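**Q** Each protein sequence line maps, in turn, to chains B and G. All residue numbers for the first sequence refer to the numbering used here, where the first residue is 16 and numbers rise by one. All residue numbers for the second sequence refer to the numbering used here, where the first residue is 16 and numbers rise by one. Using N, Cα and C, we set each Cβ at its ideal position, and we do this for glycine too. None of these values were measured; they are calculated from a predicted model. Before we start, here is the structure in question, set down as structure tokens.
Protein chains: 2
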Amino acid sequence: MAGPIEHIDGGTITTAQGFKAGATYVGIKTFSEDKMDMGMLLSDTPCSVAGVFTKSALVSPSVTVNRETIAAGGTVRGLVVNSGIANAGVGDQGYTDAKQMASLAAVGLGVKPEEVLVFSTGVIGVELPMTLIKKGVDEIKLVEDGGNALARSMMTTDTRTKETGVKVNLAGTEVNISGVAKGSGMIHPNMATMLCFVATDAAVEQDFLRAILPDVADSTLNMLDIDGDTSTNDSLVVLANGAAGNTPINAGSEDAPAFKAALTEVLVQLTRQLAQDGEGASKLIVAEVHGAKDIPDARLVAKTITSSLLVKSAVYGSDPNWGRLIMALGRSGAEMAESKIDLYINGVCIMEAGKPVPFHRDAVVALMRGDEVTFGVNLNLADGKATSWGCDLTEEYVVINSAYTT
Amino acid sequence: MAGPIEHIDGGTITTAQGFKAGATYVGIKTFSEDKMDMGMLLSDTPCSVAGVFTKSALVSPSVTVNRETIAAGGTVRGLVVNSGIANAGVGDQGYTDAKQMASLAAVGLGVKPEEVLVFSTGVIGVELPMTLIKKGVDEIKLVEDGGNALARSMMTTDTRTKETGVKVNLAGTEVNISGVAKGSGMIHPNMATMLCFVATDAAVEQDFLRAILPDVADSTLNMLDIDGDTSTNDSLVVLANGAAGNTPINAGSEDAPAFKAALTEVLVQLTRQLAQDGEGASKLIVAEVHGAKDIPDARLVAKTITSSLLVKSAVYGSDPNWGRLIMALGRSGAEMAESKIDLYINGVCIMEAGKPVPFHRDAVVALMRGDEVTFGVNLNLADGKATSWGCDLTEEYVVINSAYTT
Numbered sequence: 016m017a018g019p020i021e022h023i024d025g026g027t028i029t030t031a032q033g034f035k036a037g038a039t040y041v042g043i044k045t046f047s048e049d050k051m052d053m054g055m056l057l058s059d060t061p062c063s064v065a066g067v068f069t070k071s072a073l074v075s076p077s078v079t080v081n082r083e084t085i086a087a088g089g090t091v092r093g094l095v096v097n098s099g100i101a102n103a104g105v106g107d108q109g110y111t112d113a114k115q116m117a118s119l120a121a122v123g124l125g126v127k128p129e130e131v132l133v134f135s136t137g138v139i140g141v142e143l144p145m146t147l148i149k150k151g152v153d154e155i156k157l158v159e160d161g162g163n164a165l166a167r168s169m170m171t172t173d174t175r176t177k178e179t180g181v182k183v184n185l186a187g188t189e190v191n192i193s194g195v196a197k198g199s200g201m202i203h204p205n206m207a208t209m210l211c212f213v214a215t216d217a218a219v220e221q222d223f224l225r226a227i228l229p230d231v232a233d234s235t236l237n238m239l240d241i242d243g244d245t246s247t248n249d250s251l252v253v254l255a256n257g258a259a260g261n262t263p264i265n266a267g268s269e270d271a272p273a274f275k276a277a278l279t280e281v282l283v284q285l286t287r288q289l290a291q292d293g294e295g296a297s298k299l300i301v302a303e304v305h306g307a308k309d310i311p312d313a314r315l316v317a318k319t320i321t322s323s324l325l326v327k328s329a330v331y332g333s334d335p336n337w338g339r340l341i342m343a344l345g346r347s348g349a350e351m352a353e354s355k356i357d358l359y360i361n362g363v364c365i366m367e368a369g370k371p372v373p374f375h376r377d378a379v380v381a382l383m384r385g386d387e388v389t390f391g392v393n394l395n396l397a398d399g400k401a402t403s404w405g406c407d408l409t410e411e412y413v414v415i416n417s418a419y420t421t
Numbered sequence: 016m017a018g019p020i021e022h023i024d025g026g027t028i029t030t031a032q033g034f035k036a037g038a039t040y041v042g043i044k045t046f047s048e049d050k051m052d053m054g055m056l057l058s059d060t061p062c063s064v065a066g067v068f069t070k071s072a073l074v075s076p077s078v079t080v081n082r083e084t085i086a087a088g089g090t091v092r093g094l095v096v097n098s099g100i101a102n103a104g105v106g107d108q109g110y111t112d113a114k115q116m117a118s119l120a121a122v123g124l125g126v127k128p129e130e131v132l133v134f135s136t137g138v139i140g141v142e143l144p145m146t147l148i149k150k151g152v153d154e155i156k157l158v159e160d161g162g163n164a165l166a167r168s169m170m171t172t173d174t175r176t177k178e179t180g181v182k183v184n185l186a187g188t189e190v191n192i193s194g195v196a197k198g199s200g201m202i203h204p205n206m207a208t209m210l211c212f213v214a215t216d217a218a219v220e221q222d223f224l225r226a227i228l229p230d231v232a233d234s235t236l237n238m239l240d241i242d243g244d245t246s247t248n249d250s251l252v253v254l255a256n257g258a259a260g261n262t263p264i265n266a267g268s269e270d271a272p273a274f275k276a277a278l279t280e281v282l283v284q285l286t287r288q289l290a291q292d293g294e295g296a297s298k299l300i301v302a303e304v305h306g307a308k309d310i311p312d313a314r315l316v317a318k319t320i321t322s323s324l325l326v327k328s329a330v331y332g333s334d335p336n337w338g339r340l341i342m343a344l345g346r347s348g349a350e351m352a353e354s355k356i357d358l359y360i361n362g363v364c365i366m367e368a369g370k371p372v373p374f375h376r377d378a379v380v381a382l383m384r385g386d387e388v389t390f391g392v393n394l395n396l397a398d399g400k401a402t403s404w405g406c407d408l409t410e411e412y413v414v415i416n417s418a419y420t421t
């Protein structure tokens, strides 16, 4: 039987055994105070790999290259990433550059080009400066505690890195799952990109990893993925190198659910960190929906709440304006009966069976002044449930986004 | 043959012949400087009627009563409206109150309750004060030039009235079509409600009016209707009393298309006025899409552009950030090929066949500093086209909406 999921203090992507990382500054990103704009990750041994990418009809050629690499079905050894330029909206040159970036990185990592994934994030419409990319590959030193440097090199408008790690005992073997992310699918669509990399030293069969990842993404990163959120470059990849020495996990393993739960936990933590660091955000918003007809309906309701401008504005003002929740529920497209709906703000019931419950406004306002505002919804129809994450809308968001390129 | 559509300077809903209106202040709306919060409209004779209402799953009982009235299939004589309280989120009492409001107004108008439509707009979760509603009905004086007073009585966070009128010659008879609206489907979902009333003195067969109205709404008010926009009370009704004396228009009339075009023009004008007066708005945004696979795809693209927070923020900052247009196009869900896309900002081509076109940035910034920013998109696939309307996102929006009820 699997043990409990333990959070690792200060976990970075290199907390997983057998992974090295490094980063450097070559001058692609001009607006960052954190002088890192290129990074690489290397596994000592070949990794099972799975990926989930943007649903946009207009994608970065870097995404196209990664899709091809993963579709080829082989294992991978590492990845290269740059921030500052997204390699999108540049015509055919973008594909050529992405392929060359993989080749250059392969030399630096000492592996084959088809074993390297490539990622870019930053402004759209500018070509990658390949001379600088080559310079970066040459300069980067890969070290066992290089995870935080990699995290810093991916940042664009991020004000802090997003990193986490957990460990869990699977059939007697302790395995690590650790991850790093940048951007926010919901908040930074133009900046362009949510990038998320997960490394694990668990041995995981590639078919199984690919089978579970879309589902894990749907309940985590894609629950932050609403509205203005699908960039040209959004990517999530998981690399599993087996350094922990466990019996490889597949769909039939007793501990398959435990591995999936631990992977989900890593992504929940990164999703929360992305939401908390949304542009201009002052608070995390969590919507927890229960009692929906099914999971898709629960997700519709949860995502509608956290993506509503009026809900986001009300949270900023610590305003328990439940009329806006009613509005969001009603327009979500989910099945509901007004007379069955219960609503909660940070655990305080404000509507029961569709009717307002008198509540102590000052107490709820005080709760809403904290760092996290949770909206609870019970539709009391069936057992569909879902959680979504977002952040409040502040004047700062408008200030940041009303003059980005000019 | 129908003549051209002429705009009537200073047109109000009572510009159409045979309609009277009036308004008063009874104290339901406490936050307005414009002292009007109840209004009524009366036609001298029975009217063909058609309506389009909110798609929300949670609707005001006033909407339910109007749906029942219209479904009964009879003609109507007038309507009553209050601002300040939405009659939504109040349990079963809301239906009782809406029915009573119709009965009270019927006495005041001298018609039957089933000939009266009822509308409410304002805060959710508060019961209608029926004593004040009765007082309003008793006080309102109906006059031939009462349209502007009615418009003022419907306002909530609106900073100005939305009114327009056109005339058109149909088969030798001049007819008037005039309208009034409040709120903004897109901008004021919680305030709750976009209300729009159209009156025409044209004789129009009810079946025809009901057949064309959803289509007209889809290309006008519903192109402002995105994202946070479906309130519990959104309503559009058209009343046609035949006072112009034209041969009644039906689906087979030679001038049926001309009537539909004139009705569409009235709704385009009101849609533009609603967008211009969005909360905190400083500019109107228009997205004109051509060359889509079909009209639904064109509408997806147009609506995605005008509802994007990043596009709205960029317009506020007069920032020609076309990467955000690419992002919006890509995530719209419409079919497209990157290499065929042309983009324009206020008529200046900034992307052709999927590649950036060098443009004079200062000149485009200067164009974007005007009152109206138009994004042109040609997908060059087929002949689907659509227009959407919206407004920019400003710090003022956040300020207004972060403390509304508190």
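Would Ile341 (chain B) pass as an interface residue toward chain G - the criterion being a Cβ-Cβ separation below 7 angstroms?
**A** Cβ-Cβ to chain G under 7 angstroms: yes for Ile341 (chain B).
**Q** Closest by CA to Phe223 (chain B), which one among B:Gln32, B:Ser323, B:Phe274?
**A** The shortest C-alpha separation from Phe223 (chain B) is found at B:Phe274.
**Q** Sort out for me which residues DSSP pairs Leu299 (chain B) with in a bridge.
**A** For Leu299 (chain B), which the question treats as bridged, DSSP gives the partners B:Glu387, B:Cys406.
**Q** Taking just the CA atoms, how far does Lys114 (chain B) sit from Gly151 (chain B)?
**A** Spanning the two alpha carbons is a distance of roughly 16 angstroms.
**Q** Ile197 (chain G) by DSSP, collapsed to three states: which one?
**A** Position check: residue 197 (chain G) holds Lys in this sequence, whereas Ile was assumed. The answer is strand: DSSP assigns Lys197 (chain G) an E or B state.
**Q** Of all Cβ atoms in chain B, is any one closer than 7 angstroms to the Cβ of Met45 (chain G)?
**A** Here the sequence assigns Thr to residue 45 (chain G), which means Met is not the residue at that position. It does not; no Cβ of chain B falls within 7 angstroms.
**Q** Kindly indicate which three-state DSSP category Tyr40 (chain G) falls into: helix, strand or coil?
**A** Of the three classes helix, strand and coil, the one that applies to Tyr40 (chain G) here is coil, per DSSP.
**Q** Take Asp249 (chain G) as the anchor and find which of G:Met366, G:Ala349, G:Pro76 has the nearest alpha-carbon.
**A** Asp249 (chain G) has its Cα closest to that of G:Pro76, out of G:Met366, G:Ala349, G:Pro76.
**Q** When you compare only the Cα positions, how much space is there between His305 (chain B) and Thr319 (chain B)?
**A** Their Cα atoms are separated by approximately 14 angstroms.
**Q** Spatial neighbours of Ser174 (chain G) within its chain, please: CB distance less than 6 angstroms, with the 5 preceding and 5 following residues excluded, ordered by chain position.
**A** Before going further, note that residue 174 (chain G) is Thr rather than Ser in the sequence given. Taken in chain order, the residues that qualify are Asp292.
**Q** Determine the closest residue to Ser63 (chain B) out of B:Thr215, B:Ala313, B:Gln108, B:Val105, with distance taken between C-alpha atoms.
**A** Ranking B:Thr215, B:Ala313, B:Gln108, B:Val105 by Cα distance to Ser63 (chain B) puts B:Thr215 first.
**Q** Taking Met366 (chain G) as the reference, which of G:Ile341, G:Ala349, G:Glu178 has the closest Cα?
**A** If we check each option's Cα against that of Met366 (chain G), G:Ile341 comes out closest.
**Q** Which chain B residues are close to Trp404 (chain G), counting only those with a beta carbon under 7 angstroms from its beta carbon?
**A** Going along chain B, no residue has its Cβ under 7 angstroms from Trp404 (chain G), so there is no contact; the nearest lies around 17 angstroms.
**Q** Given Ile310 (chain B), which residues of its chain have a CB within under 8 angstroms of its CB, disregarding the five upstream and five downstream residues?
**A** Within the same chain, Ile310 (chain B) has close Cβ partners Gly399, Lys400, Ala401.
**Q** I want to verify the contact list: residues of chain B whose CB lies under 7 angstroms from the CB of Lys370 (chain G), in sequence order.
**A** Within 7 angstroms Cβ-Cβ: Gly106.
**Q** Could you tell me which residues DSSP puts in a beta bridge with Tyr412 (chain G)?
**A** None; Tyr412 (chain G) has no bridge partner.
**Q** Nearest to Val74 (chain B) by alpha carbon, out of G:Asp357, G:Leu396, G:Phe374, G:Met351?
**A** When each option's Cα is compared against that of Val74 (chain B), the closest is G:Met351.
**Q** Since Lys182 (chain B) is in the beta strand (DSSP E), which residue starts that stretch and which ends it?
**A** From DSSP, the beta strand (DSSP E) with Lys182 (chain B) extends over 177 to 185.
**Q** Under the three-state reduction of DSSP, which class applies to Asp292 (chain G): helix, strand or coil?
**A** Asp292 (chain G): coil per DSSP, three-state reduction.
**Q** What residues from chain G crowd round Asn361 (chain B), counting only those whose CB sits closer than 9 angstroms?
**A** Near Asn361 (chain B) there are no residues of chain G at all, since even the closest Cβ is about 16 angstroms away, more than 9 angstroms.
**Q** Please check if any C-beta of chain B sits within less than 7 angstroms of the C-beta of Met383 (chain G).
**A** Answer no: the Cβ-Cβ gap between Met383 (chain G) and chain B never drops below 7 angstroms.
**Q** Rounding to the nearest angstrom, what Cα-Cα distance links Gly99 (chain G) and Asp233 (chain G) in this structure?
**A** Cα-Cα distance, rounded: 28 angstroms.
**Q** Please classify Ile28 (chain B) as buried or exposed, where buried requires at least 16 other C-beta atoms within 10 Å of its C-beta.
**A** Counting Cβ neighbours within 10 Å, Ile28 (chain B) comes out buried, since at least 16 surround it.
**Q** Can you give the Cα-Cα distance for Phe212 (chain B) and Val213 (chain G), rounded to whole angstroms?
**A** About 55 angstroms.
**Q** Closer than 7 angstroms, CB to CB, is Glu142 (chain B) near chain G or not?
**A** Closer than 7 angstroms: no.
**Q** With the cut-off set at 7 angstroms, would you say Val183 (chain G) and Ala277 (chain G) are in Cβ contact?
**A** Closer than 7 angstroms, so yes.
**Q** Quickly, what does DSSP pair Pro371 (chain B) with across the bridge? List them, please.
**A** DSSP, once it has assigned bridges, lists B:Met366 as partnering Pro371 (chain B).
**Q** Mark Thr69 (chain B) as exposed unless 16 or more other C-beta atoms lie within 10 angstroms of its C-beta, in which case mark it buried.
**A** Thr69 (chain B) comes out buried.
**Q** Considering Ser234 (chain G), what are the terminal residues of the alpha helix (DSSP H) in which it resides?
**A** 221 to 234 is the span of the alpha helix (DSSP H), which, as asked, contains Ser234 (chain G).
**Q** Any idea what DSSP makes of Ser328 (chain B), helix, strand or coil?
**A** Note: Ser328 (chain B) maps to helix in three-state DSSP.
**Q** On the DSSP letters alone, give me the boundaries of the beta strand (DSSP E) that Thr60 (chain G) sits inside.
**A** Looking at the DSSP string, the run of the beta strand (DSSP E) that includes Thr60 (chain G) is 53 to 68.
**Q** Given that a residue counts as buried once 16 or more other Cβ atoms are within 10 Å of its Cβ, and exposed if not, what is Ala38 (chain B)?
**A** Classification of Ala38 (chain B): buried, given that the 10 Å Cβ count is 16 or more.
**Q** Quick test of your reading: Ala101 (chain B) and Gly137 (chain B), contact by CB under 8 angstroms. State the CB separation rounded to the nearest angstrom.
**A** 5 angstroms between Cβ atoms; contact.
**Q** Can you grab the Cα-Cα spacing for the pair Asp242 (chain G) / Ile23 (chain G), in whole Å?
**A** Annotation note: pLDDT 44 at Asp242 (chain G) (below 50); position unreliable, coordinate value reported separately. Each residue's alpha carbon lies about 33 angstroms from the other.
**Q** For Gln32 (chain B), is the classification buried or exposed, using 16 other Cβ atoms within 10 angstroms of its Cβ as the cut-off for buried?
**A** Classification of Gln32 (chain B): buried, given that the 10 Å Cβ count is 16 or more.
**Q** I need the straight-line Cα distance from Ile85 (chain G) to Ile415 (chain G), nearest angstrom please.
**A** Near 36 angstroms, if we compare the C-alpha coordinates of Ile415 (chain G) and Ile85 (chain G).
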